[in-house]
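Here is the structure we will look at, set down as structure tokens.
Protein chains in written order, with the numbering used here: chain C, 142 to 715; chain P, 159 to 314; chain W, 246 to 884.
Here it is as structure tokens:
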């Protein structure tokens, strides 16, 4: 720290090359931002972070202005506060006046700024832009009328995902965020990951909300409502209900789901174990028989759609396994239906996911048989929270309950699916056993743990060296595929998660989480893994029973029919 | 049409993003406008997502996504032209041709575009038809000009 | 390739004293052939120069005469285009204005017969060696030219812009050769700094300082960029320079590139200037042919490639960072500064962006010295400035005046005063980023500081003169409308703020939807907002476009507040321009009931039977004035 700058009359240390905003944040001086995103080059679009700089006639944006020795700034002078308030008012003058009816009511950054800057009059009137909503996608709804053009969604889609299905269209006050040729989101290259929703400050982007639909189902006496929930769900609800971020409330979740009206409550983590059985067998099969390598995981539907659009030449490399959600769904409507003496068509199978792409996945043609869907409806964590609140459930005052059999027991290997690297670790544990006949002495494979976007490891199994890679954030997947296209051939198995950090940071999760929260969730999952004794999928007694009584062997005919799927090249506007 | 686009694209092998605008300009010069096919092919050639290409094309006034008329009339909207009555000229033109700025007549003969400034301010109001300039245009002169083009059409 | 030109350039490069005329490579060496020059810039063509040229060709064919027809650029006297000059062997070049195709025969007959005529004559180009015309003034003494100091426009309208020889014969590329052969980059930058040259694009930033910053920044690649986007509506200085004297720009650009250390230069030119683009392409090719551009120029080891990039129609791309993004192939949306282009610009490399006119000044500064340049102009604003005069003046066109000339001199002496002898009201300087100068400030000396002090700005040089029939609120609305269309939309204050300001201006220049109080209250609130919004937009916008967008409004509010008040409180437009607010009234005594007006009315607002006095219904009237124009009995008055 070799520079000194003066902020609001006090001196602070700074380093050459830093922006004013970095110094402000480090010292707890809060300045509002709308377009700023950590680790992205500042765009200087919203002008909310302006500060007064001595010697400058104009106000300067602190997010982009570099520090210099001896500079004097004022962050909250009347001139600055007035400017910021006017900017908020200008946004409001072109924004729908319907907060109470908006999906982001009480959780909207514009609303918050309006409150902070004490906007209590409609001083600036304007003719508001009329834009049509885009309801075409199964996962994401776009409402450009509420868009404040901060550009975060565009940058995430371009820089983090490498998909770039949305961009600024037109110019000036006619600008809007749109797709190629202005068509619906469903015909674009959008992979449905929902990360755009996670960074959107207003209600311009949201998930396809199906809470009204599920209410109808739950009241329908003719249907048996069955629910499964992803491994990360139980550690992703805590902070919404005033508990410590990352706290695992699995038992409470089970009880709440029953209170909401679901007859049977299953755990997708069971399905994760099932996926490991099939996928590990598939990996070994490919290695031993010299089939197409490397193999990519296929449990992330946004990644699958990405591969179908951007890397159709690698579809043979994608594991043919369905995702845990879909496998669980398939088993519910066959194995479970038989056991419970229910007609598959009378079961309404719902899943709770931290993901918006799962809504798309459930509707894929290949996910079902004879007109019966594996999964009928997918609800995001956000929709679950709505249901919990709607039913007046006090999460602090209910007795935890157990999941139902025969899809209720799970290993901790399945649980860590929620974090990036978890699928890899779980698969390696089972593959090791299947190849060597022995269990790993140390189940923790640290090389694949952590929140970095690209991790690699080399695992010795017998006299083979297996090269594995774990990527999260599709841009990292894209880069790795390029390397492989250019000849890289030292990898056998690659885990791809679309959302940076894995499903715990999925596009269907609670909006407004920080890096610390994601870390807490990740740590919670690995703590469960530490504490529990059932650490491997192949020892899950319900899994063993399922194969013994129903499926036979992994990759055999029944497994193949129920638990495996196909992919095809997608013609979309890339 | 596709063949023509392919031919233009041949000259842009291994080109970077900075070739995008010149390439789109070349395609539009040949085809008269940017079609979806053109944008998709450009995206594949330069390895740029089509949403970005569409975003660039819609930003600039020059690019259009629909064909123009046989006689494309550009009316200048600059300061000098405004002070000397270009708004009336535009109004009159729209009423004669029965189309608004940005549209093409149904017979495909005429289209109107309002441009920022042609740079011939000394001779305002100015209009440009297929590259031919007409200066100090009054509503009377305008009628004559349009009629002369219609007459030219009829002799073909 | 012309070998004597090649030889001359080689001599210059080797430092051998060479006499320009000795080379005798100007067209018509010894002047043994007739030349007929025709002003064929965009404005000349607009005035009918093509037809004039055809008539000249006809004349020559008919009279089996041999003569060179030379198309020259714009001399700046647009009001009298088409301009035709004739140079007979041994005689001064004589210039004629308003030479439409029907006048060609008579003029050429008279001139070739050796006689002079007073009609259409503008003047003659004086020369010591040639025989003058009797009774014809020196063209430089013409009221339009006498107060001008033509340095940048020296060759425009005089030389053939596609003739490399003619540029050379007037000292072309001597500056560049001096720079690369005898001066170090540091010497060049010092000269420019000493000269006091300031950016002519509008910013007025000291050019030498900009160059030095880029010079100091270490990098493996640097870029020199010429901003020829000229987006200001009402500005056509750059177009004239490029169409009329393209090498001047290239030479200045090349000298600058050498000084800064750039080996690639871009000329970003608006696509709406096809003729200028054509001329530039030819000029670049010529310069490359003669070894003045390309690899190892004149054996100095210095490389320079000049590329042309066409704009695609976005005024905001005249802003430095937006321009660079456009060259890079992106949407032309500005980026925050700092970092400045001289540190990190095009493709992330140090880049210098200057305007066409700035570059056009460079070669003479290097050739004649910084002191020569700074001897013209005022204390803080050195040199000359080219202005594009348009609007309600008699002589529209391009003028180049020494800094310090007063606005009054430009409008009333050079431009001949207000057209149709109407009354002067205001002159807009600086286009949509500028402000207006009124009667009280007409004697202000043109200088960067002076203009700022009265709420205007130099801008790129567009001067739009307005007479008493101009409504200043309408002008403010016009500029705000332009800004709104051209705003890139990235930052909130400009995108939303200028829209709100435009809506307010629209509401006070149009008919109220209803007469109730709520509407009126909203209107008054809106007007009070104007100044407040203007302040925030000026202070917080991301780029110069937004920061200067409110200027026309603020300037007109400052000097014409009473007009605004008339619009808001009395709902009347004093200048009679805002049609929505116009009211017409039929004088009963004068009306003959001929029904001509009611037939013309687009909204059927006029009622009355044949031979009986008619009546205009105020609520249906849109103020278009069609009835007023139609009535042959003066029975309709505007109130």
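Using N, Cα and C, we set each Cβ at its ideal position, and we do this for glycine too. These figures come from a predicted structure and were not determined experimentally.
- Message: In the DSSP output, which residue or residues are listed as bridge partners for residue 383 of chain W?
- Response: Reading the third chain from its first residue, position 138 is the one you call residue 383 of chain W. Beta-bridge pairing links residue 383 of chain W to W:369.
- Task: From the DSSP output, in three-state form, read off residue 228 of chain C for me.
- Result: Here residue 228 of chain C refers to the residue found at position 87 when the first chain is read from its first residue. Residue state, collapsed to three classes: helix.
- Touch test, the segment 472–488 of chain W against the segment 504–520 of chain W, Cβ-Cβ under 8 Å, three pairs minimum: yes
- Contact between the segment 456–466 of chain W and the segment 594–602 of chain W: three or more CB pairs below 8 Å? yes
- Contact list for residue 178 of chain P against chain W, beta-carbon separation under 7 Å: Walking along the second chain from the start, residue 178 of chain P turns up at place 20. Chain W residues near residue 178 of chain P: 574.
- Query: So is residue 405 of chain C in contact with chain P if we call contact Cβ pairs under 7 Å?
  - Reply: To locate residue 405 of chain C, count along the first chain from 1; it is residue 264. Output row for residue 405 of chain C: interface = no.
- Within 7 Å (strictly less), CB to CB, does residue 566 of chain W reach chain C? Looking up residue 566 of chain W in the third chain gives position 321. For residue 566 of chain W, no Cβ of chain C is located within less than 7 Å of the residue's own Cβ.
- Item | Three or more C-beta pairs below 8 Å linking the segment 285–293 of chain W and the segment 281–291 of chain P | yes
- How many whole angstroms separate the CB atoms of residue 867 of chain W and residue 834 of chain W, which I take to be in contact at a CB cut-off of 8 Å? The sequence position of residue 867 of chain W within the third chain is 622, counting from 1. The sequence position of residue 834 of chain W within the third chain is 589, counting from 1. Rounded, the Cβ-Cβ distance is 26 Å, inconsistent with contact.
- Message: Please confirm whether residue 222 of chain P has its beta-carbon closer than 7 Å to some beta-carbon of chain W.
- Response: For the purposes of this step, residue 222 of chain P is taken as residue 64 along the second chain, with counting starting at 1. Not closer than 7 Å to any Cβ of chain W, the Cβ of residue 222 of chain P fails to qualify, so no.
- Identify the contact partners of residue 309 of chain C in chain W, using a Cβ-Cβ distance below 7 Å as the criterion. Here residue 309 of chain C refers to the residue found at position 168 when the first chain is read from its first residue. Those are 576, listed as they occur along chain W.
- Apply the 10 Å Cβ neighbour rule to residue 665 of chain W and answer buried if 16 or more other Cβ atoms are within range, or exposed otherwise. As a position in the third chain, residue 665 of chain W is number 420, starting the count at 1. Exposed.
- Query: For residue 260 of chain P and chain C, any beta-carbon pair shorter than 7 Å?
  - Reply: By one-based count along the second chain, residue 260 of chain P stands at place 102. No, no contact with chain C.
- Between the CA atoms of residue 803 of chain W and residue 700 of chain W - distance to the nearest angstrom: For the purposes of this step, residue 700 of chain W is identified with residue 455 of the third chain, where counting begins at 1. For the purposes of this step, residue 803 of chain W is identified with residue 558 of the third chain, where counting begins at 1. In a straight line, the C-alpha of residue 700 of chain W is about 9 Å away from that of residue 803 of chain W.
- Task: Taking residue 201 of chain P as the query, report the chain A residues whose CB atoms sit under 7 Å from its CB, ordered along the chain.
- Result: Considering every chain present, this structure includes no chain A. Its protein chains are C, P and W.
- Task: Confirm, please, whether the CB-CB distance from residue 488 of chain C to residue 499 of chain C is below 7 Å.
- Result: Here the question's residue 499 of chain C lines up with position 358 in the first chain. Here the question's residue 488 of chain C lines up with position 347 in the first chain. For the 7 Å CB-CB criterion, residue 499 of chain C and residue 488 of chain C do not form a contact.
- Message: Can you confirm whether residue 125 of chain P, when its beta carbon is compared against all beta carbons of chain W, has any partner nearer than 7 Å?
- Response: There is simply no residue 125 of chain P to check, as chain P begins at 159 and stops at 314 in what is shown.
- Query: Does DSSP put residue 312 of chain W in a helix, in a strand, or in coil?
  - Reply: Taking the third chain and counting its residues from 1, one reaches residue 312 of chain W at position 67. Residue 312 of chain W: strand per DSSP, three-state reduction.
- Query: Which residues in the same chain have their Cβ closer than 8 Å to the Cβ of residue 220 of chain C, if we skip the five residues on either side of it in sequence?
  - Reply: Residue mapping note: residue 220 of chain C aligns to position 79 of the first chain, counting from 1. Hits under 8 Å: 193, 200.
- Closer than 7 Å by beta-carbon distance: list the chain C residues that pair up with residue 210 of chain P, in chain order. For the purposes of this step, residue 210 of chain P is identified with residue 52 of the second chain, where counting begins at 1. The contacting residues are 305, 308.
- For residue 186 of chain C, go through chain W and note every residue whose CB falls closer than 8 Å to its CB, in chain order. Here residue 186 of chain C corresponds to residue number 45 of the first chain, with the count starting at 1. Under the 8 Å cutoff, chain W gives 735, 736, 737, 787.
- Query: Of all the alpha helix (DSSP H) runs that stay within the bounds of the segment 461–509 of chain C, which reach a length of 4 or more residues?
  - Reply: 465–472, 478–481, 498–503
- Item | Whole-angstrom distance between residue 255 of chain C and residue 486 of chain C, CA atom to CA atom | Residue mapping note: residue 486 of chain C aligns to position 345 of the first chain, counting from 1. Residue mapping note: residue 255 of chain C aligns to position 114 of the first chain, counting from 1. Their Cα atoms are separated by approximately 50 Å.
- Task: Grab the span of the beta strand (DSSP E) containing residue 673 of chain W for me, first residue to last.
- Result: In the third chain, the residue the question calls residue 673 of chain W occupies position 428. Per DSSP, the continuous beta strand (DSSP E) segment holding residue 673 of chain W begins and ends at 669–674.
- Which residues in the same chain have their Cβ closer than 6 Å to the Cβ of residue 502 of chain C, if we skip the five residues on either side of it in sequence? Position 361 of the first chain, counted from the start, is the residue given in the question as residue 502 of chain C. Closer than 6 Å at the Cβ level, and outside the excluded window around residue 502 of chain C, lie 442.
- Message: Run through chain W and tell me which residues come within less than 7 Å of residue 217 of chain P, C-beta to C-beta.
- Response: For this step, residue 217 of chain P is matched to residue 59 along the second chain. Simply 559, 576, 577.
- Flag this pair as touching only if the segment 644–651 of chain W and the segment 666–674 of chain W have three or more C-beta atom pairs under 8 Å; answer yes or no. no
- Query: Quick one, which of P:175, P:179, P:185 has its alpha-carbon nearest residue 164 of chain P's?
  - Reply: The residue you call residue 164 of chain P lines up with position 6 of the second chain. In terms of CA proximity to residue 164 of chain P, P:185 leads the group P:175, P:179, P:185.
- Item | Start-to-end residues for the beta strand (DSSP E) that takes in residue 267 of chain C | Start at 1 with the first residue of the first chain, and residue 267 of chain C comes out as number 126. No beta strand (DSSP E) holds residue 267 of chain C; DSSP gives it neither H nor E.
- Given a cut-off of 7 Å, decide if residue 649 of chain C and residue 733 of chain C are closer than it, judged by their beta-carbon atoms. Because chain C here runs from 142 to 715, residue 733 of chain C falls outside it and cannot be looked at.
- Three-state class that DSSP yields for residue 154 of chain C in the structure shown: The residue labelled residue 154 of chain C in the question sits at position 13 within the first chain. Secondary structure of residue 154 of chain C (DSSP, three-state): strand.
- Message: Rounded to whole angstroms, what is the Cα-Cα separation between residue 450 of chain C and residue 756 of chain W?
- Response: Residue 450 of chain C sits at position 309 when you count from the first residue of the first chain. Residue 756 of chain W sits at position 511 when you count from the first residue of the third chain. If you take the alpha carbons of residue 450 of chain C and residue 756 of chain W, they lie about 55 Å apart.
- Message: I want to see whether chain C comes within less than 7 Å of residue 225 of chain P, judged by CB atoms only; does it?
- Response: Against the second chain, residue 225 of chain P aligns to sequence position 67. Residue 225 of chain P does not count as touching chain C.
- Contact set between the segment 247–267 of chain C and chain W, restricted to residues whose Cβ is under 8 Å from the partner: From the segment 247–267 of chain C, only 264, 265, 266, 267 have a Cβ closer than 8 Å to chain W.
- Would you identify the three-state DSSP class for residue 550 of chain W, choosing helix, strand or coil? The count along the third chain starts at 1 and reaches residue 550 of chain W at position 305. Three-state result, residue 550 of chain W: strand.
- Message: Let me make sure I understand the geometry here. Which of C:205, C:297, C:357, C:181 has the alpha-carbon closest to that of residue 306 of chain C?
- Response: Here residue 306 of chain C refers to the residue found at position 165 when the first chain is read from its first residue. It is C:297.
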